[in-house]
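K.L.:
Position 82 of the sequence shown, counting from 1, maps to 208 under this note's numbering, and the rest follow consecutively. Ideal Cβ placement from N, Cα and C applies to all residues, glycine included. Here it is: the structure, laid out below.
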Amino acid sequence: MAKQPMLKFVTVDRDMPEKRGATVRKEDFDEIYAEFAQAKAEEQASRCSQCGVPYCQSHCPLHNNIPDWLRLTATGRLEEAYAVSQATNTFPEICGRICPQDRLCEGNCVIEQSGHGTVTIGSVEKYITDTAWEKGWVKALAPAQERSESVGIIGAGPGGLAAADRLRRAGLQVTIYDRYDRAGGLLTYGIPGFKLEKDVVMRRNKLLEDGGVTFKLNCNVGEGITFQEIRDAHEAVIIATGVYKSRDLGGPGSGAKGIVKAIDYLTASNRENFGDTVPEIESGELYAEGKKVVVIGGGDTAMDCVRTAIRQGAESVKCLYRRDKANMPGSQRETQNAEEEGVEFVWLSAPKGFTGGDAVEGVMVQKMRLGQPDASGRQSPEVIEGADYVEDADLVIKALGFEPEDLPTLWDQPELEVTRWGTVKAQFTTGATDLDGVYAVGDIVRGASLVVWAIKDGRDCADAILEKLGATPAIAAE
Numbered sequence: 127m128a129k130q131p132m133l134k135f136v137t138v139d140r141d142m143p144e145k146r147g148a149t150v151r152k153e154d155f156d157e158i159y160a161e162f163a164q165a166k167a168e169e170q171a172s173r174c175s176q177c178g179v180p181y182c183q184s185h186c187p188l189h190n191n192i193p194d195w196l197r198l199t200a201t202g203r204l205e206e207a208y209a210v211s212q213a214t215n216t217f218p219e220i221c222g223r224i225c226p227q228d229r230l231c232e233g234n235c236v237i238e239q240s241g242h243g244t245v246t247i248g249s250v251e252k253y254i255t256d257t258a259w260e261k262g263w264v265k266a267l268a269p270a271q272e273r274s275e276s277v278g279i280i281g282a283g284p285g286g287l288a289a290a291d292r293l294r295r296a297g298l299q300v301t302i303y304d305r306y307d308r309a310g311g312l313l314t315y316g317i318p319g320f321k322l323e324k325d326v327v328m329r330r331n332k333l334l335e336d337g338g339v340t341f342k343l344n345c346n347v348g349e350g351i352t353f354q355e356i357r358d359a360h361e362a363v364i365i366a367t368g369v370y371k372s373r374d375l376g377g378p379g380s381g382a383k384g385i386v387k388a389i390d391y392l393t394a395s396n397r398e399n400f401g402d403t404v405p406e407i408e409s410g411e412l413y414a415e416g417k418k419v420v421v422i423g424g425g426d427t428a429m430d431c432v433r434t435a436i437r438q439g440a441e442s443v444k445c446l447y448r449r450d451k452a453n454m455p456g457s458q459r460e461t462q463n464a465e466e467e468g469v470e471f472v473w474l475s476a477p478k479g480f481t482g483g484d485a486v487e488g489v490m491v492q493k494m495r496l497g498q499p500d501a502s503g504r505q506s507p508e509v510i511e512g513a514d515y516v517e518d519a520d521l522v523i524k525a526l527g528f529e530p531e532d533l534p535t536l537w538d539q540p541e542l543e544v545t546r547w548g549t550v551k552a553q554f555t556t557g558a559t560d561l562d563g564v565y566a567v568g569d570i571v572r573g574a575s576l577v578v579w580a581i582k583d584g585r586d587c588a589d590a591i592l593e594k595l596g597a598t599p600a601i602a603a604e
């Protein structure tokens, strides 16, 4: 018989000093951890005040029935808690991991507002759904009745996948077209595995595939297939491409080797974690080990980059941001995590160029101060003259945000209307565009935004399509 793996026992209970230094079988450790996790989930859920005005729910884009599934969790009724959670959220285990709860549900928790610390809603949501997968409560899609109508979805990110789930449950035939070799969009290749384990995304993809959703991967619309061909093949088409065009940064030396885009850096890291051979990782071009890394930007993507660089063994990791900490657009929780892991934040600093020859050696930094508020209400950064300096760097990662690609040109669809920012013009409630039968959801409509908003858009758009085709949303929700 094979030997059971043994683990060094780390004391969980301070009242059990006799356990220190002991060894324990992995299966026993897993059992101990499961009991501890359940106890913590029930403890946190029981802290919910069940207030008459659930601000946590109203500040969730999906309006999840948070107090209801917290109450069920507190009494150990986890299968019912999962059913309530899944009813309004297609991917609760994903939102539980990556939603910025500090800005949404948890940040508006009445307990938090009263100064007693928020209920950890995201952790409970994650625990509920992980338990559901473990116990077999998550079932493959099984439409009560098949329908002949089909919908084509361009983009396998959260918005497209959420729409596919909703449509397929109502019996529609669904085909997803995506440029990458794995479905999931930024869930798969953008967000690091330490925040969102990739097997969590892959099992959702498999659930959709097992339920009859067809995936056409490595399919770049405008090259291997035209938009018009997709439109001709389906009763409706949903554009859910997201926004992948990186905002760039100019200045002297901006073309030097070692200055890379955040999306390229994160994609390479995630591909390596999948076990793929990544030449840019092997050559060191997109790998931070032993390097002085400077990340430019202050959003969640920048936090993903700095925390990835730490894990790759960078010599040092610094994050330049032109405003102060209070004005960062990213999650404060993520910023705190990065600080605790050893990232140095250089506030009120903006790049003006780069030093070095063929390869970057440093970032020319301008020190800033905050001036008068701009149109958005945020204070505008102003240059402090004479305060420039050079920040040493072997690897510079540009995490300045994303813009939409020029879809009308790429897809030869000049009649597809876009805004002055390049996003597709669509009704926010239904996703309908001015083209008959064509819808758009997620970041390609909103601009770079949160996963939870893309999920909401995908669900709402699916409901609008179902209503138009005579299949009520209630059928899809069963």
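#1: Looking at C-alpha atoms only, which residue of 263, 523 and 367 is the closest neighbour of residue 382?
#2: In three-state terms, what does DSSP make of residue 325?
#3: Hey, how far is the Cα of residue 456 from the Cα of residue 424?
#4: Alpha carbon to alpha carbon, how far is residue 409 from residue 603? Give it in angstroms, no decimals.
#5: Can you give the beta carbon distance from residue 507 to residue 490, rounded, assuming they're within the 8 Å contact cut?
#6: Rounded to a whole number of angstroms, what is the C-alpha to C-alpha distance between residue 310 and residue 281?
#7: Hey, would you say residue 563 sits closer than 7 Å to residue 362, going by beta carbons?
#8: Compute the distance between the beta-carbons of residue 529 and residue 373, then report whether it is under 7 Å.
#9: With DSSP collapsed to three states, give me the class of residue 495.
#10: Using alpha carbons as the reference points, say which of 335, 260 and 307 lies closest to residue 295.
#11: Going by beta-carbon coordinates alone, are residue 464 and residue 504 separated by less than 7 Å?
#12: Return the CA-CA distance between residue 142 and residue 575, expressed in angstroms with no decimal places.
#13: So, residue 436 versus residue 467, is the Cβ gap smaller than 7 Å?
#14: Starting from residue 284, follow the alpha helix (DSSP H) in both directions and report where the run begins and ends.
#15: Under 7 Å between the Cβ atoms of residue 471 and residue 445?
#16: On a CA-only basis, which of 285, 359 and 333 is nearest residue 313? Give me that one, please.
#17: Among the candidates 277, 160 and 287, whose CA atom is the shortest distance from the CA of residue 580?
#18: Considering residue 126, what are the terminal residues of the alpha helix (DSSP H) in which it resides?
#19: Count the other C-beta atoms from every protein chain shown that fall within 10 angstroms of the C-beta of residue 160, then say buried if there are 16 or more, exposed otherwise.
#20: Nearest by alpha-carbon distance to residue 458: which of 345, 429, 441 and 448 is it?
#21: Would you mind stating whether residue 585 and residue 292 have Cβ atoms separated by less than 7 Å?
#22: Using the C-alpha atoms, what's the distance from residue 392 back to residue 440?
#23: At least one CB of chain C closer than 7 Å to the CB of residue 355: is that the case?
#24: Spatial neighbours of residue 565 within its chain, please: C-beta separation below 8 Å, excluding the five flanking residues on both sides.
#25: Residues in its own chain within less than 7 Å of residue 534 by CB, not counting five upstream and five downstream?
#26: Would DSSP call residue 192 helix, strand or coil?
#27: Buried or exposed: residue 265, going by 16 or more other Cβ atoms within 10 Å of its Cβ?
#28: Residue 525: buried (16+ other C-beta within 10 angstroms of its C-beta) or exposed?
#29: What residue range does the beta strand (DSSP E) around residue 566 cover?
#30: Across the region 243-263 and the region 162-172, are there enough close Cβ pairs to call them in contact, namely three or more that are closer than 8 Å?
#31: Helix, strand or coil: how does DSSP classify residue 454 here?
#32: Can you grab the Cα-Cα spacing for the pair residue 207 / residue 229, in whole Å?
#33: Quick one: what's got a C-beta closer than 7 Å to residue 578's C-beta in the same chain, skipping five residues either side?
#34: What do you get for residue 137, buried or exposed, if any count of 16 or more other CB atoms within 10 angstroms of its CB means buried?
#35: Do the CB positions of residue 509 and residue 481 come within less than 7 Å of each other?
#36: Is residue 418 closer than 7 Å to residue 518 when the C-beta atoms are compared?
P.N.:
In brief:
#1: 523
#2: helix
#3: 6 Å
#4: Here residue 603 scores only 38 on pLDDT, less than 50, and its place in the model should not be relied on; the value that follows carries that caveat. Distance between the alpha carbons of residue 603 and residue 409: 49 Å.
#5: That belief does not hold up - the Cβ atoms of residue 507 and residue 490 are roughly 16 Å apart, past 8 Å.
#6: 9 Å
#7: yes
#8: Result yes, Cβ atoms of residue 529 and residue 373 sit closer than 7 Å.
#9: strand
#10: 335
#11: no
#12: Note that residue 142 scores 48 on pLDDT, short of 50, meaning its location in the model is unreliable; the coordinates nonetheless yield the value given after this. Straight-line measurement puts the Cα of residue 575 at about 47 Å from the Cα of residue 142.
#13: yes
#14: 284-295
#15: yes
#16: 285
#17: Selected option, being the one with the closest Cα: 287.
#18: Because the chain here runs from 127 to 604, residue 126 falls outside it and cannot be looked at.
#19: When all chains shown are included, residue 160 counts as exposed.
#20: For the set 345, 429, 441 and 448, the Cα lying nearest the Cα of residue 458 is the one of 429.
#21: Residue 585 places its beta carbon less than 7 Å from that of residue 292.
#22: 15 Å
#23: Absence of chain C from the displayed structure is noted, only one protein chain being present.
#24: Closer than 8 Å at Cβ, skipping near neighbours: 362, 363, 364, 365, 552, 556, 557, 558, 559, 587, 590 and 591.
#25: 540, 542 and 544
#26: helix
#27: Within 10 angstroms of the beta-carbon of residue 265 lie fewer than 16 other beta-carbons, which makes it exposed.
#28: So residue 525 ends up on the buried side.
#29: Segment 564-566, the beta strand (DSSP E) holding residue 566.
#30: yes
#31: Annotated three-state conformation of residue 454 is coil, per DSSP.
#32: When only Cα atoms are considered, residue 207 and residue 229 end up about 23 Å apart.
#33: 187, 188, 221 and 225
#34: Legend: pLDDT at residue 137 = 44, less than 50; position of this residue unreliable, no value from coordinates given.
#35: no
#36: yes
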